Amino acid sequence: MGFKEEIKRRRTFAIISHPDAGKTTLTEKLLLFGGAIHVAGAVKSNKIKKTATSDFMEIEKQRGISVATSVMGFEYDGYKVNILDTPGHQDFAEDTFRTLTAVDSVIIAVDAAKGVEAQTRKLMEVCRMRNTPVIVFINKMDRPSKDPFDLLDEVEEELKIKVRPLSWPIGNGPDFKGVYNLFEKSLYLFDPGKQVVEEGVSIEDINDNQLDTDIGEESSELLREELELVEGVYPEFEMDSYRDASVAPVFFGSALNNFGVRELLHCFLKIAPTPQPSQAEERMVNAEEEKFSGFVFKIHANMDPNHRNRLAFLKICSGKFERNTNYKHVRLGKNMKFSSPTAFMADKKSIIDEAYPGDIVGLPDSGNFKIGDSVTQGEDLHYKGLPSFSPELFRYIENADPMKSKQLAKGIDQLMDEGVAQLFTSQFNGRKVIGTVGALQFEVIQYRLLHEYSASCRYEPINLYKACWLKSDNKEQLDDFKKRKLQYMAKDKYGRDVFMADSAYMLQLAQDNFKDIEFHFTSEF
Ligand code: G4P
């Protein structure tokens, strides 16, 4: 197969949802279709139990599991599908944000009874920022659900995107009879006892009497009415409006019952984008370009605490990646060869000789990589789109064992490279502040420092509201600001100036008094 064909057959995407909406179940069913796994339950739930705030064993297990399930590749009908998993726990939202920079499209799972929930809304904001095309799967139709029109309105309103249903549910809960597939014009009947669904009944004309025979007169009357309304209200499905992320196609089904999943997959494969161009600081890079390039969006560390080995997840943006070939680590300006790059197929990983744009390869690493690093065939490219977000929670981190200060420094450094949290160093007194999006990270850091680096840390409270990255064309004003606010100035790990505002009021005051300075809540603007 030629290079271009290899790219064209790739579909790299993530499934996102609020915890419990059915992401894991849907992933698993897709893998079953792909023949990548053979029994249900093979995909371990990649989530920390919601109740366990300090169950460290759970965190450890979690980290073990999530390497295997971070990327799940499978072959289906000539396509190479790459599903990138995202952590369900909201304290790891930043991990999810970064993963979303490595996908070309997204499937959003929504619970039909609960509708759009908080976490989904947040993740959709990231998709919107990057214009990522999304398909919505309304799950759990076998349970009493909200009215489908209400659900669609809710999706439009809450996720701020127009929708176009491509399937339509017939009833819900105990009365769920199936879905009518508008994309294929066929009827799929639901049988809760059966896990695998047979071919749908093709019904070109919904006025056909066949429909009444299949689902009963009452249901078919209602379905006809609703479909008429659907066609009246929602514009025809257009590939372009899906691809430019202005319209989200919507499917209904039940992942647990394997219902509506195959239709979702078939449609997804037809319409989802192939590997898209990637934006580097220097220029736009096309997937079809011959020279290899890619970036690291995730680092997984210390699977075995006795070996400081890490796995850097590299997304291939252009060209063919080959084993044992010299590539340039752009930040370090250094050539490197990778003798055992791994690919991820469902729940296995194995060494590969080559990989293509859209694929993710795992590079064993002894500490050379940071999140956001670019690797190329020589060109100095810096891939964009891996911003740091202002953390929500802050604490001073202090060394609790004076004999181990080196270990602590190294441990903190490496954990920050992995993107577990952000480190800010005060320009005023040199104290180190850890910023996170969730409270759980503080425990993870403390635990991992101890177990992987034999270092102990303790935290001290600090009252901070937000970390802001600064930008200004007025150098004089910026310098003046930094001097006056020295107490509140810090450097992030890349040495950039950060203003640590201790309240919304203080930030507002700074914005009012220093009109030429922009205060940003993300590091990329
Ligand atoms: P998540 O990854 O988004 O957090 O959700 P997950 O797939 O783990 O699903 C959450 C719960 O919802 C699971 O039940 C799962 O079995 C159930 N579920 C998923 N899809 C459907 C569906 O279509 N219909 C119904 N009725 N339930 C569904 P659980 O009891 O929390 O976990 P488990 O012990 O069954 O694994």
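Using full-length UniProt numbering, the final residue of the sequence shown is 525, and nothing's skipped along the way. C-beta atoms are modelled at their ideal positions from N, C-alpha and C, and glycine is treated no differently. Nothing here was measured: the structure is a model prediction, and the numbers come from that model.
With distances taken Cα to Cα, identify the nearest neighbour of residue i among the options.
i      : options                        : result
Ala467 : Asn257, Ile203, Asp492         : Asp492
Ala112 : Ala21, Leu222, Glu231          : Ala21
Gln279 : His382, Ser390, Tyr180         : His382
Gly253 : Leu166, Leu31, Asp214          : Leu166
Lys475 : Asp516, Met500, Phe237, Pro341 : Asp516
Ala343 : Lys337, Tyr76, Leu314          : Leu314
Leu440 : Phe92, Ala312, Gly34           : Phe92
Leu211 : Gly232, Val230, Tyr188         : Tyr188
Gly367 : Leu450, Asp413, Ile352         : Asp413
Thr24  : Tyr76, Lys80, Glu443, Val110   : Val110
Gly419 : Cys457, Phe369, Ser426         : Phe369
Ile299 : Ala14, Ser70, Ile16, Ile15     : Ser70
Glu94  : Glu125, Leu30, Ile107, Asp512  : Glu125
Leu30  : His266, Gln477, Ile462, Phe176 : His266
Glu392 : Glu289, Val437, Asp208         : Val437
Phe259 : Ile434, Val179, Phe521         : Val179
Glu228 : Glu518, Trp168, Val106, Ile107 : Trp168
Among the residues of its own chain, which have a CB less than 6 Å from the CB of residue i, if the five just before and after it don't count?
i      : result
Val163 : Leu152, Val155, Glu156, Ala248, Val250
Ser339 : Asn324
Leu464 : Phe394, Met500, Asp502
Arg331 : Asp373
Ala380 : Contrary to the premise, residue 380 reads as Asp rather than Ala in this sequence. Here the set comprises Val330.
Lys349 : Thr342
Which term fits residue i, buried or exposed, when burial requires 16 or more other beta carbons within 10 angstroms of its beta carbon?
i      : result
Arg262 : buried
Gly73  : buried
Gln446 : buried
Phe481 : buried
Lys365 : According to the sequence provided, residue 365 is Asp. The question's Lys does not apply to it. Result: buried.
Ala287 : buried
Pro87  : buried
Lys142 : The identity of residue 142 in the sequence shown is Asp, whereas the question assumes Lys. The residue is buried, with at least 16 neighbouring Cβ atoms inside 10 Å.
Gln508 : exposed
Lys49  : Residue confidence for Lys49 is low, a pLDDT of 43 falling below 50, so the modelled location carries little weight and cannot support an answer.
Gly232 : exposed
Phe268 : buried
Arg458 : exposed
Lys80  : buried
Asn335 : exposed
Asn495 : This sequence places Gly at residue 495; Asn is not what is there. Classification for Gly495: exposed.
Ala301 : buried
DSSP on residue i, reduced to helix/strand/coil?
i           : result
Ala280      : strand
Pro165      : strand
residue 529 : Given that the chain is displayed from residue 1 to residue 525, the structure contains no residue 529 and the question cannot be resolved.
Asn513      : helix
residue 547 : Residue 547 is absent from the model: the chain starts at 1 and stops at 525.
Thr132      : coil
Gln422      : strand
Phe428      : coil
Ala93       : helix
Arg98       : helix
Thr51       : Unreliable placement is indicated for Thr51, whose pLDDT of 39 sits below 50; the coordinate value is still reported in the next sentence. Residue state, collapsed to three classes: coil.
Glu518      : strand
Asn46       : Reliability fails at Asn46, whose pLDDT of 48 lies under 50, so the model's placement of it is uncertain and the value that follows must be treated cautiously. Note: Asn46 maps to coil in three-state DSSP.
Asn286      : coil
Leu464      : coil
Lys475      : helix
Phe297      : strand
Asp20       : coil
Lys334      : strand
Phe344      : strand
Asn368      : coil
Leu182      : coil
Lys8        : helix
Leu507      : helix
Ile15       : strand
Asn257      : coil
For residue i and residue j, which I take to be in contact (beta-carbon distance under 8 Å), what is that distance rounded to the nearest angstrom?
i      : j      : result
Leu264 : Phe424 : About 43 Å; that fails the 8 Å criterion.
Pro133 : Tyr234 : Not quite, the Cβ-Cβ distance comes to about 17 Å (not below 8 Å), so this is no contact.
Leu408 : Arg448 : That pair is no contact at about 12 Å.
Val103 : Leu84  : 6 Å
Please work out which residues of its chain come closer than 8 Å, Cβ to Cβ, to residue i, disregarding the five sequence neighbours upstream and downstream, and give them in chain order.
i      : result
Val498 : Phe424, Ala467, Cys468, Trp469, Leu470, Met489, Ala490, Lys491, Asp492
Leu386 : Arg98, Thr101, Phe295, Phe297, Ile371, Gly372, Glu524
Lys8   : Thr274
Gln377 : Lys291, Phe292, Ser293, Gly319, Tyr327, Lys328
Ala245 : Cys127, Arg128, Asn131, Thr132, Pro133, Val134, Ile161
Note down, in chain order, each residue of its chain lying with its Cβ closer than 7 Å to the Cβ of residue i, except the 5 sequence neighbours on either side.
i      : result
Arg431 : Tyr396
Ser145 : Ala112, Ala113, Asn172, Gly173
Give a single yes or no on whether residue i has its beta carbon closer than 7 Å to a heavy atom of the ligand FAD.
i      : result
Ala504 : As for the ligand FAD, it is missing from this structure, which binds only the ligand G4P.
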